[in-house]
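Okay, so here's the structure we're looking at.
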Amino acid sequence: MRLLLVEDDLLLVQALAPDLRRSGYALDHAADGREALFLGENEDYDIIVLDLGLPEMGGLEVLSRWRDAGLDMPVLILTARDSWTEKVEGLKAGADDYLTKPFHIEELLARLQALLRRSHGRSEKALRVNDIVLDEEHQQVSLDGNPAIALTGTEFRLLRYFMMNPGKLLSKARLTEHVYEQDFDRDSNVIEVYVRRLREKIGKERIETRRGQGYVFRG
Ligand code: CA
């Protein structure tokens with residue numbers, strides 16, 4: 635899952651980044667409203683965390699412009715304590731959820747997971763496709779009720795993206811984009827290596843190769 639964190643408080647960014655990465659997000663960061671607007675319009679994010687008090691352009695305006703442009707990725711806004719008007723304005727401008735500062739990282743992670751589940755039309759707690767169940771908290775997978783198998787960080791991100799898009803043709807470029815961060819050297823051969831490792835863990839037939847086009851997750 636690719637996540638854009640828009641926050642001008644760099645200490646907060648430093649505090650959140652390791653936990654977000656550990657939870658399997660490929661993280662991009664914008665420190666002002668203009669950069670956020672640009673990135674949101676030009677990159678394909680699965681979810682965005684948006685602080686409202688930003689230099690250059692306020693978070694509410696950024697959010698309104700994204701929505702006016704037809705962008706519908708889930709957005710969680712960060713609001714100042716005791717400012718109920720910010721929450722109301724944020725929700726009206728198209729936010730999907732909000733969190734008041736200061737907050738616990740666990741709450742942010744739980745809300746992000748809930749938003750992603752909702753945006754992919756799921757209400758269950760674990761991510762499930764047929765007999766494959768992905769435990770997002772412990773980053774492990776179980777097949778057909780068998781004991782869970784541990785996944786590395788990259789395997790987990792890749793499998794989660796596959797499982798959120800079952801039956802869809804996913805190009806290597808798209809997978810790379812959603813599994814790695816902005817400045818990662820996007821060598822698509824790396825995806826082949828991770829697909830092979832995933833197949834060893836979950837079974838070869840579950841990920842179909844479409845030569846020259848990409849992969850289809852069959853579940
Ligand atoms: Ca701020």
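For the sequence shown, my numbering gives the first residue as 635, with consecutive numbering after it. Idealized CB from N, CA, C, for every residue including glycine.
For this session: Can you have a look at I783 and say buried or exposed, based on whether 16 or more other CB atoms are within 10 angstroms of its CB?
Result: exposed
* Cβ-based neighbour list, L654, same chain, cut-off 6 Å, excluding 5 preceding and 5 following -> L661
Item to complete: Measure the alpha-carbon distance for E700 versus G674 and round it to whole angstroms.
Response: The question names Glu, but residue 700 in the sequence shown is Trp. W700 and G674: Cα-Cα distance of roughly 7 Å.
| field | Closest Cα partner of F790 within the set L803, N780 and E770 | value | Its Cα nearest to that of F790, the residue E770 stands out among L803, N780 and E770.
For Q774, the three-state DSSP class (helix, strand or coil): strand
- Do G687 and ligand 2 come close, with the Cβ less than 8 Å from some heavy atom? For ligand 2, the structure offers nothing, since it holds only ligand 1.
What would DSSP say about H812, mapped onto helix, strand or coil? helix
For this session: Ignore the nearest five residues each way along the sequence and tell me which others in Q773's own chain have a CB closer than 6 Å to its CB.
Result: L785 and F790
Can you check which of these residues, G801, L809, E720 and A651, is closest to G853 by C-alpha distance? G801
Around the Cβ of P708, are there at least 16 other Cβ atoms within 10 angstroms (buried) or fewer (exposed)?
buried
Exercise for the section: Tell me, please, whether the stretch 657–672 touches the stretch 636–646 by the rule of three or more beta-carbon pairs shorter than 8 Å. Expected result: The stretch 657–672 is in contact with the stretch 636–646.
Determine, using beta-carbon pairs with one atom in the stretch 803–813 and one in the stretch 843–853, whether at least three such pairs fall under 8 Å. yes
task = Taking only the alpha-carbon atoms, compute the straight-line gap between Y828 and N764 and give it to the nearest angstrom.
result = 22 Å
Going by beta-carbon coordinates alone, are M797 and I766 separated by less than 9 Å? yes
- Query: Of the choices E677, H812, D685 and A714, whose alpha-carbon is the least far from that of L792?
  - Reply: H812
- Task: Tell me where the alpha helix (DSSP H) around D702 begins and ends.
- Result: G693 to D702 is the span of the alpha helix (DSSP H), which, as asked, contains D702.
*asked:* Pull the bridge partners of F672 from the DSSP assignment, please.
replied: Listed as beta-bridge partners of F672 by DSSP are no residues whatsoever.
task: Please go through the same chain and pick out, in chain order, the residues whose beta-carbon is closer than 6 Å to the beta-carbon of E690, but skip the five residues on each side of it.
output: The beta carbon of E690 sits closer than 6 Å to those of D666, G667 and R668, all from its chain and outside the five residues before and after it, given in chain order.
message: Taking 7 Å as the limit between beta carbons, can you name the residues of its chain near L832, skipping five residues before and five after?
response: Closer than 7 Å at the Cβ level, and outside the excluded window around L832, lie E789, L792, L793 and I841.
beta-carbon D642 near ligand 1 non-hydrogen atom, thresh 8 Å: yes
Consult DSSP for E842 and reduce its assignment to one of helix, strand or coil. strand
When we look at the beta-carbon of I711 and count the other beta-carbons within 10 Å, is it buried (16 or more) or exposed?
Here I711 is buried. Its C-beta has 16 or more other C-beta atoms within 10 Å.
Original post:
Considering only residues of the stretch 678–752, which uninterrupted alpha helix (DSSP H) runs meet the minimum length of 4 residues and lie entirely inside it, listed in chain order?
Top reply: Correct list: 693–702 and 718–726.
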